[in-house]
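K.L.:
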Amino acid sequence: MITQVGVVREHLERFGSITSLEAIKKYDITRLSAVIYILVHRDGLKFKKERIYTRRWFYLFRRKKFVKYILEKGE
């Protein structure tokens, strides 16, 4: 059985980054930050965070915020 941590790790190895929106849509993972926490503290991976803001007409003037987790390559 593959875990959420395994799914996210495979995605990161393949694409290099992931957002919470991608995790929800592709893998039904709603707590991406918890998975990233495990990858950092248990597996020793390092990430950069990039904030992403979106605007949609149905939110009127409110922006939606997302974090993009970018896997830092080891040296």
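The working numbering puts the first residue of the sequence shown at 97, with every later residue one more than the last. Using N, Cα and C, we set each Cβ at its ideal position, and we do this for glycine too. As the structure is a prediction and not an experimental result, all values here were calculated from the model.
(1) Looking at the structure shown, is Ile114 part of a helix, part of a strand, or coil, going by DSSP?
(2) For Lys164, which residues does DSSP report across the bridge?
(3) So what's Arg159 in DSSP terms, helix, strand or just coil?
(4) Just curious, the alpha helix (DSSP H) that Leu135 is in, first and last residue?
(5) When burial is assigned at 16 or more other CB atoms within 10 Å of the CB, is Ser116 buried or exposed?
P.N.:
Put simply:
(1) The three-state secondary structure of Ile114, taken from DSSP, is strand.
(2) Partner(s): Thr115, Glu146.
(3) Note: Arg159 maps to strand in three-state DSSP.
(4) That run of the alpha helix (DSSP H) goes 128-137.
(5) Sixteen is the threshold: when 16 or more other Cβ atoms of the shown chains lie within 10 Å of the Cβ of Ser116, as they do, the residue is buried.
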